[in-house]
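Visitor:
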Amino acid sequence: MNTPICAFIEKYAEKEMTRFHMPGHKGISFLGCEKTDITEIGGADELYAADGIIAESEENAGRLFGFGRTMYSTEGSSQCIRAMLFLALQEAEQGAERPVVLAARNAHKAFLYSCGLLDVDVEWLMPEADGSLCSCPITAAQLEKHLLTMERKPFAVYITAPDYLGYSPDIRRLAEVCKKREIPLLVDHAHGAYLKFLQPSCHAMDLGAAMCCDSAHKTLPVLTGGAYLHLSAEWAEKAGERAKKAMELFGSTSPSYLILQSLDRCNRYLSEGYEIRLEKTIGQLSAVKEKLRMLGWEVMESDPLKLTIFTGAMGYSGRETAETLRKGGIECEFADMDGVVLMATPENSPADFTRILSVLSGLPKREAVGRTEYLPQLPQRRMTIREALFGRWEKVSVREAVGRICASPCVSCPPAIPIAASGEEITEEMASLFLAYGIETIEVTAKGCI
Numbered sequence: 034m035n036t037p038i039c040a041f042i043e044k045y046a047e048k049e050m051t052r053f054h055m056p057g058h059k060g061i062s063f064l065g066c067e068k069t070d071i072t073e074i075g076g077a078d079e080l081y082a083a084d085g086i087i088a089e090s091e092e093n094a095g096r097l098f099g100f101g102r103t104m105y106s107t108e109g110s111s112q113c114i115r116a117m118l119f120l121a122l123q124e125a126e127q128g129a130e131r132p133v134v135l136a137a138r139n140a141h142k143a144f145l146y147s148c149g150l151l152d153v154d155v156e157w158l159m160p161e162a163d164g165s166l167c168s169c170p171i172t173a174a175q176l177e178k179h180l181l182t183m184e185r186k187p188f189a190v191y192i193t194a195p196d197y198l199g200y201s202p203d204i205r206r207l208a209e210v211c212k213k214r215e216i217p218l219l220v221d222h223a224h225g226a227y228l229k230f231l232q233p234s235c236h237a238m239d240l241g242a243a244m245c246c247d248s249a250h251k252t253l254p255v256l257t258g259g260a261y262l263h264l265s266a267e268w269a270e271k272a273g274e275r276a277k278k279a280m281e282l283f284g285s286t287s288p289s290y291l292i293l294q295s296l297d298r299c300n301r302y303l304s305e306g307y308e309i310r311l312e313k314t315i316g317q318l319s320a321v322k323e324k325l326r327m328l329g330w331e332v333m334e335s336d337p338l339k340l341t342i343f344t345g346a347m348g349y350s351g352r353e354t355a356e357t358l359r360k361g362g363i364e365c366e367f368a369d370m371d372g373v374v375l376m377a378t379p380e381n382s383p384a385d386f387t388r389i390l391s392v393l394s395g396l397p398k399r400e401a402v403g404r405t406e407y408l409p410q411l412p413q414r415r416m417t418i419r420e421a422l423f424g425r426w427e428k429v430s431v432r433e434a435v436g437r438i439c440a441s442p443c444v445s446c447p448p449a450i451p452i453a454a455s456g457e458e459i460t461e462e463m464a465s466l467f468l469a470y471g472i473e474t475i476e477v478t479a480k481g482c483i
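Each step along the sequence shown adds one to the number in my numbering, with nothing skipped, and position 149 is 182.
1. If you count every other CB in all the chains shown that lies within 10 Å of the CB of serine 165, and 16 or more means buried, which is it?
2. Ordered along the chain, which non-local residues of its own chain (more than five positions away) have a Cβ less than 6 Å from that of glycine 199?
3. I'd like to know whether the C-beta atoms of glutamate 457 and lysine 271 end up nearer to each other than 8 Å.
4. Going by C-alpha distance, which of Pro448, Lys178, Met159 and Ser248 is nearest threonine 103?
5. Work out the CA separation of glutamate 156 and glutamine 127 for me, nearest whole Å.
6. Could you tell me which uninterrupted alpha helix (DSSP H) segments, each at least 4 residues in length, are contained entirely in the stretch 137–161, listed from first to last along the chain?
7. What number of angstroms, rounded off, separates the C-alpha of isoleucine 78 from the C-alpha of lysine 44?
8. For aspartate 336, which of helix, strand or coil comes out of DSSP?
9. Can the beta-carbon of proline 202 be found closer than 8 Å to that of threonine 172?
10. Which one of Ala223, Leu151 and Ser289 has the shortest CA to CA distance from isoleucine 42?
11. Given a threshold of 16 other Cβ atoms within 10 Å of its Cβ, counted over all protein chains shown, does threonine 252 qualify as buried or as exposed?
12. Would you tell me roughly how many angstroms separate the C-alpha atoms of leucine 256 and tyrosine 197, rounded to the nearest one?
13. Which residue comes first and which comes last in the beta strand (DSSP E) that contains methionine 416?
14. Candidates Ile475, Thr378, Val402 and Lys398: which alpha carbon is nearest histidine 224's?
15. Buried or exposed for isoleucine 475, going by 16 or more other Cβ atoms inside 10 Å?
16. Tell me whether aspartate 221 is buried or exposed, calling it buried when 16 or more other Cβ atoms sit within 10 Å of its Cβ.
17. Indicate whether asparagine 300 and alanine 94 have their beta-carbon atoms separated by less than 8 Å.
18. With DSSP as the reference, identify every bridge partner of phenylalanine 100, one or two as the case may be.
19. Output the residue ranges of the beta strand (DSSP E) runs that lie fully inside the stretch 332–382 and measure 3 residues or longer, sorted by chain position.
20. Would you list the residues sitting across from alanine 40 in a DSSP beta bridge?
21. Below 6 Å CB to CB, which residues in the same chain sit around arginine 115 once its five sequence neighbours on both sides are set aside?
22. Out of curiosity, what's the CA-to-CA distance linking arginine 370 and glutamate 356?
23. For serine 295, which of Lys398, Arg96, Thr107 and Ala479 has the nearest alpha-carbon?
24. Strictly by DSSP, which residues pair up with tyrosine 105?
25. If you draw a straight line from the alpha carbon of leucine 264 to that of arginine 96, how long is it in whole angstroms?
26. With a CB to CB cut of under 8 Å and the five nearest residues on each side skipped, what residues in its chain are close to lysine 277?
27. Tell me, which residues are paired with cysteine 245 by DSSP?
28. Does DSSP put lysine 428 in a helix, a strand or coil?
29. Identify whether serine 441 lies in helix, strand or coil by the three-state DSSP scheme.
30. Is DSSP giving glutamate 462 helix, strand or coil here?
31. Just how far apart, CA to CA, sit leucine 181 and alanine 143?
32. Let's see if you can read the secondary structure: which residues bound the alpha helix (DSSP H) around alanine 208?
33. For glycine 471, count neighbouring C-beta atoms within 10 Å of its own C-beta (all shown protein chains included) and say buried if the count is 16 or more, exposed if not.
34. Nearest by alpha-carbon distance to glutamate 473: which of Pro442, Ser455 and Pro254 is it?
35. Could you please give the first and the last residue of the uninterrupted alpha helix (DSSP H) stretch that includes valine 321?
36. Is glutamate 380 near the ligand COA, judged by its Cβ being under 7 Å from some heavy atom?
Okay, structure coming up:
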C-alpha cells in the first residue's frame, strides 16, 4: 500500500529547501524528527479540507477498515468524541427542551468536557451487576427499559467499549435497541482499533455503531495523538459532508504532520500480514493468562490484547503489584487499589511475555483482600455540566468538598473516568473514593455561583 503523506515529506526533506515557513526549527535537528516536521506548505494538503495526499491516505485507511467513512485525528479520540457528539446533536430534532445524551457512567472525562462545550445534559446508565469506576456492564434489556422511562428522547446513546479493563457489553444488541428507536449509538472505542482485524471482526462499527472513535496510538504502531473517527454508511451519507467541519471546529489549525505520517505509515503496516502477527500475539498472551490462573492470579475476562488482573485474590493491591512489576523491568498501563492492566501488541516480543510470568510467579500467595466498593447510587445533580465547568471555582480538600458541587472532574489519566461529574453534589461515598485514588483536593464551584 502506498504512503502518500510519508512519500511527499521524504522528498521534501531530501530537497533541502530553505524553509521560510513554520515550524520555527526550520528542519534543524533538536530532537531528531524535525526534518520531517512540516506545516501546510504547497502540496502538503490540509487535514480539514483534504483533496490531495491526506485525502488519499484517509481513503487507504477507509479501505482497510471498510466502514462508511474514516477520518484522521491528530488530537486523539478526544477530538473525535467532540465531533461525533456534535454531529449527532445537529442531526437530532431540535425542540424547546434541553438536549440530553444517555451514557454509561464509565465515560472518559473527554466526554464530560464535550457535553460542557456543547451545553447538553447527560442521563447516566448505571450497571445492574457489579461495576467499578472503569467498568459499567450494561445490557440491551436495561437500555431498552431505561429509554422507556426517559422524559426526553436522547439525541444519542454513548458507551465505552472496550473499557479500560478490557470489558465490552453486547454492542450488537445495544445497537439493535438504538436502531429500533432511531437513536444513534456512539462508541468510545479508543482501545479497540485492532479489533477490526480479528477473524471475525469484533469492531464496534461492524457490530452496528453509528459512529465511533479509535485511538490508533493505543493499540497500533502510531505516534501518541493519532486516532480515527469512523462513520457508518448511513451516517457517512447523512453527515459526511459536515464531518470534517465538525473535526475542524474542535481541532487545532496546526495538525501534526508527524502524527499524520505515522497514521499514513500504519496503513501499510496493517496491509502487510498484520492479522497473522496479531493472531500470534493473542496466542502468546492467552498462554500467559492461563499460566497466571494456574498460579492463583485472578485474570479477568477482557479484550484479547489486555491482561487485567484482580490482584486481591493473591493478597496484593494493584499498586503494590505494579511496583513489583516495575522493579522487574515491566511498566504496566494502569494500576489502582484492586488490580493492574497490561496492554500488549505484536510489537511485544516473546521475552516480554516470559518476563511477566517470571516476575509474578515469584510473589507468594497471601490472605485475599476484597475489592473497593463503588458508588451505590448516583448523586444529586445541582447544575448543568456547562455551568459547573465554565463558572468560577475554588480548590478545597476532599473532606471539605462534601456537600459542595463538583466543578471539574479530578481523576488523572489513566483512567480519566470521573468519580463526580461536573454539576453533581459531592457525597461522603465520593469523598472516600477520591481518597482511595490518592486525590486529596478537588475543584468545586465557588460559593455564590448558584
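Every residue, glycine too, gets a C-beta built ideally from N, C-alpha and C.
Guide: Quick answer:
1. buried
2. Ser335, Asp336, Lys339 and Thr341
3. Contact: no.
4. Ser248
5. 18 Å
6. Entirely contained in the stretch 137–161, the alpha helix (DSSP H) runs reaching 4 residues are, in chain order, 142–151.
7. One point to set straight first is that residue 78 is aspartate, not isoleucine, in the sequence displayed. Aspartate 78 and lysine 44: Cα-Cα distance of roughly 15 Å.
8. In the three-state reduction of the DSSP assignment, aspartate 336 falls in the coil class.
9. yes
10. Ser289
11. buried
12. The alpha-carbon of leucine 256 is positioned some 20 Å away from that of tyrosine 197.
13. Unbroken run through methionine 416: none, as it is neither H nor E.
14. Thr378
15. buried
16. Its Cβ being crowded by 16 or more others within 10 Å, aspartate 221 is buried.
17. yes
18. Partner(s): none; phenylalanine 100 has no beta bridge.
19. Fully enclosed beta strand (DSSP E) runs of 3 or longer: 339–343 and 372–376.
20. Under the DSSP definition of a beta bridge, alanine 40 lacks any partner.
21. Ser147 and Phe283
22. One detail in the question is off: residue 370 reads as methionine in this sequence, not arginine. Methionine 370 and glutamate 356: Cα-Cα distance of roughly 12 Å.
23. Thr107
24. Tyr261
25. 13 Å
26. Tyr81, Ala82, Ala83 and Met104
27. According to DSSP, which records beta bridges pairwise, cysteine 245 is partnered with Val220 and His263.
28. strand
29. strand
30. Glutamate 462: helix per DSSP, three-state reduction.
31. 28 Å
32. For alanine 208, the uninterrupted alpha helix (DSSP H) run begins and ends at 204–213, by DSSP.
33. exposed
34. Selection Pro442, Ser455 and Pro254 evaluated against glutamate 473 yields Pro442 as nearest (Cα-Cα).
35. 307–328
36. Ligands displayed in this structure: none; no statement on the ligand COA is therefore possible.
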